[in-house]
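Residue numbers (our numbering): 5 to 346. Written below as structure tokens is the structure these notes are about.
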Ligand code: SF4
């Protein structure tokens, strides 16, 4: 998908899922109660046509279920409706999400025949214990086998991973990120665990058998993951669940639900980089840090959190941030005034 392509989501909540994974309630997450029909596909595209600017590229996305595990006649009905719209030029591509154990040559041939371009595969973790405790019902090997097959068939592959699942640790998440990066997907989605009402995870949490993965926990862990994907040249297309009225209205009962989680994580990474850079700075100094274009607020942190933490830790008299005119990820010390010069 190009950066200027708009996604038209069509939800098929839990269709094809052999069971409910402990953290998942797609009716709550997507806000859609009923799975879409072929008629809904056409309506969603018509609605988007009225809202999007003429000429905008559109990708139809079947989300919220295990598409390739849906009974074949239903798959064909949805795919045929989407393909018809693609042939009429009202959408340019089709995307869908599914499970690793629901991928084989027959399923992929079907998707190719109907013009599907991108497959999002829910890996969630590459740790067997985490997969088991989360009720996923597949193994890490299934993720590897399915990913290779999807790429061999020429589809774009997006892998989804989660942090903070039952039995998970930051170390396991980093290992999951490394194994996912080794599969060379075209992009990655990271979803720190949110405790959604009407899920087994909500009950475990209420019973004191699951420790909440807080926003702070997610920021700490994800700050370790983004560099793994960055070094591998794999874009992270989304970090954190998309905020919805349903989730914000109370369906997200706990866990890492924050509308700007990605920004918090980038800000934490910049804090760590600045901290290394400032080692050895004399207390009482005045510092100006230079960051890339548009990165000032990430470096400053929400409510100046990074600046205050760095000033406190290094005993600085003042810290200012200056933006350079290049798109660099680097942070530099632009100027230092030592206490004896002030
Ligand atoms: S996480 Fe995926 S496979 Fe599991 S219940 Fe939700 S939609 Fe189905």
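Even glycine gets a Cβ: it sits at the ideal position worked out from N, Cα and C.
Using the three-state DSSP reduction, which class does residue i fall into: helix, strand or coil?
i, result
"residue 299", "coil"
"residue 258", "strand"
"residue 177", "helix"
"residue 119", "coil"
"residue 30", "helix"
"residue 210", "helix"
"residue 90", "helix"
"residue 326", "strand"
"residue 196", "strand"
"residue 83", "helix"
Excluding the 5 residues preceding and the 5 following residue i in the sequence, name in chain order all residues of the same chain whose CB lies nearer than 7 Å to its CB.
i, result
"residue 13", "65, 67"
"residue 157", "112, 116"
"residue 333", "296"
Less than 9 Å separating the beta-carbons of residue i and residue j?
i, j, result
"residue 166", "residue 184", "no"
"residue 129", "residue 102", "no"
"residue 335", "residue 272", "no"
"residue 235", "residue 169", "no"
"residue 98", "residue 63", "yes"
"residue 325", "residue 337", "no"
"residue 181", "residue 228", "yes"
"residue 302", "residue 323", "no"
"residue 105", "residue 142", "yes"
"residue 230", "residue 176", "no"
"residue 107", "residue 149", "yes"
"residue 124", "residue 153", "no"
"residue 137", "residue 122", "no"
Does the ligand SF4 have even one heavy atom less than 8 Å from the beta-carbon of residue i?
i, result
"residue 168", "no"
"residue 27", "yes"
"residue 35", "no"
"residue 217", "no"
"residue 99", "no"
"residue 103", "yes"
"residue 262", "no"
"residue 315", "no"
"residue 70", "yes"
Please return the same chain residues whose Cβ sits closer than 8 Å to the Cβ of residue i, not counting the five positions on each side in sequence.
i, result
"residue 327", "294, 295, 296, 297, 298, 299, 300"
"residue 232", "178, 181, 182, 185"
"residue 212", "none"
Using C-beta distances below 6 Å, list every residue in its chain close to residue i, excluding the 5 sequence neighbours before and after it, in chain order.
i, result
"residue 155", "161"
"residue 258", "199, 216"
"residue 263", "247"
"residue 219", "260, 262"
"residue 90", "119"
Check: Three or more beta-carbon pairs under 8 Å between the stretch 281–293 and the stretch 235–253, yes or no?
Finding: Contact annotation: the stretch 281–293 does not touch the stretch 235–253, with fewer than three C-beta pairs closer than 8 Å.
Notebook entry, point to check: Between the stretch 82–97 and the stretch 35–50, do three or more beta carbon pairs fall short of 8 Å?
Noted result: yes
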